[in-house]
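A short worksheet on the structure shown next.
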Ligand SMILES: Nc1ncnc2c1ncn2[C@@H]1O[C@H](COP(=O)(O)OP(=O)(O)O)[C@@H](O)[C@H]1O
Ligand code: SF4
Ligand SMILES: [Mg+2]
């Protein structure tokens, strides 16, 4: 079990701070270097106990960002700049830079990572009990008998019967597999849970159930959650703060309710206004063009080829994320100028 003092730094300090993080997929074919700039200068913090959401359409870099934070950085992915600071891992600037022994100490116990498609990631030829023993047992200093008792109590929190421990993954429904994955990710009461599209493959009813459980268990164990999903309805229900990504960058961040009430970036406005509403009968106007190729992104603001407000400066310079109202940050020349005026 956790020691209380050594692992509990100052409560006011964010549990996770990402600073100007850059992670590229780098390939070299026949001497031609190609960089896919999937995460390109992202900064944000996650507070203790909050659910921070990240939204953005497919290929905006959400999964790459989570992988990098989790330290799951393997070629061709490379961290080319910036830092990831966890309150429980000072001094390294990220799990990708920490020695293997530190990584082993942190995983599961302080940080767990529910990967995209993870409900299919359980080992198909091993019973669920083995997964708990392999991953969680080394971190919980109790006897095997006591461990089994704790696992059963924990499974009950996710409304799973102890009999699932004897099952192979394929014997469980998708919803049960995902709940088992969440049980595995939370049994060691980590400080931070990274969850990448944890409900996307589930049907709507099961989705609601699983989301409710993530929220409940987070409250119970007092963890912070970094929740990635392209589904804004999920963010509306679950997250405290929300960051919007576009083409490898964070372009807006505020309390979730504030983003829905007062979206400021033209791309966020588009996302919010294109949400289906009850009583809609006219299809909404889409956004012209498509997101840029991250191997050759446009200069300046990456949204400029599609932006109805684009100006000259947008084609030349990258807009900085500025705090335009208390706790509301936006990276847009048009918004930031109108706030200055
Ligand atoms: N293994 C890879 N090699 C090269 N490019 C990749 C690889 N994985 C993802 N990418 C690219 O990185 C960008 C961001 O992808 P991803 O992080 O998966 O976005 P999201 O999770 O928002 O859909 C995309 O352009 C994608 O094509
Ligand atoms: S910086 Fe310019 S191009 Fe980018 S969103 Fe704002 S107005 Fe549009
Ligand atoms: Mg993804």
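Numbering (the working numbering), first residue to last: 340 to 680.
Note that beta-carbon positions come from the ideal geometry of N, C-alpha and C, so glycine has one too.
Hey, is residue 529 close to ligand 1, as in C-beta under 8 Å from one of its heavy atoms?
no
Please say whether residue 380 and residue 367 have beta carbons closer to each other than 9 Å?
no
Rounded to the nearest angstrom, what separates residue 544 and residue 369 at their Cα positions?
50 Å
Could you check if residue 416 belongs to the surroundings of ligand 1, using beta carbon to heavy atom distance under 8 Å?
yes
Listed in chain order, which residues are found with a beta carbon closer than 5 Å to a heavy atom of ligand 2?
605, 640, 642, 643, 646, 648, 649, 653, 658, 671, 672, 673
Taking DSSP as the reference, what is the three-state secondary structure of residue 563?
strand
For residue 367, which of helix, strand or coil comes out of DSSP?
strand
Beta-carbon separation (whole angstroms), residue 663 vs residue 557, contact threshold 8 Å
The pair is not a contact, with the Cβ atoms about 29 Å apart (cut-off 8 Å).
Can you list the alpha helix (DSSP H) stretches of 4 or more residues lying completely in the segment 535 to 580, in chain order?
543 to 560, 571 to 577
Completely contained beta strand (DSSP E) runs for the segment 427 to 465, where each covers 3 or more residues
450 to 453
Cβ of residue 592 within 9 Å of Cβ of residue 583?
yes
With 16 other CB atoms within 10 Å as the buried threshold, where does residue 375 fall?
buried
Which residues share a DSSP beta bridge with residue 526?
Note: residue 526 sits in no beta bridge, so no partner.
Member of 646, 672, 668 whose CA lies at the smallest distance from the CA of residue 657:
672
With DSSP collapsed to three states, give me the class of residue 609.
helix
Please confirm whether any heavy atom of ligand 3 lies closer than 8 Å to the CB of residue 407.
no
Apart from the five residues on each side of it in sequence, which residues of its chain come closer than 6 Å, Cβ to Cβ, to residue 502?
none
Alpha carbon to alpha carbon, how far is residue 500 from residue 654?
57 Å
Assuming residue 427 contacts residue 445 (C-beta within less than 8 Å), just tell me the rounded distance between them.
7 Å
Can you find the residues in the same chain that come closer than 7 Å, C-beta to C-beta, to residue 599, ignoring five residues on each side of it along the sequence?
575, 611
Can you give me the C-alpha to C-alpha distance between residue 573 and residue 565, rounded to a whole angstrom?
13 Å
Coil, strand or helix - residue 421 by DSSP
strand
By how many angstroms is the C-alpha of residue 462 removed from the C-alpha of residue 431?
31 Å
I need the straight-line Cα distance from residue 563 to residue 449, nearest angstrom please.
10 Å
First and last residue of the uninterrupted alpha helix (DSSP H) at residue 393
Residue 393 -> not in any alpha helix (DSSP H); beta strand (DSSP E) instead, spanning 390 to 394.
What is the rounded straight-line gap between the Cα of residue 464 and the Cα of residue 406?
26 Å
Does the pairing of the segment 530 to 546 with the segment 396 to 406 give three or more beta-carbon distances under 8 Å?
yes
Would you kindly work out how many angstroms separate the C-alpha atoms of residue 594 and residue 478, rounded to a whole number?
34 Å
Thinking C-beta only, is residue 508 closer than 9 Å to residue 451?
no
Taking the straight line between their C-alpha atoms, what separation do you get for residue 439 and residue 588?
29 Å
Is there at least one non-hydrogen atom of ligand 3 closer than 8 Å to the beta-carbon of residue 402?
yes
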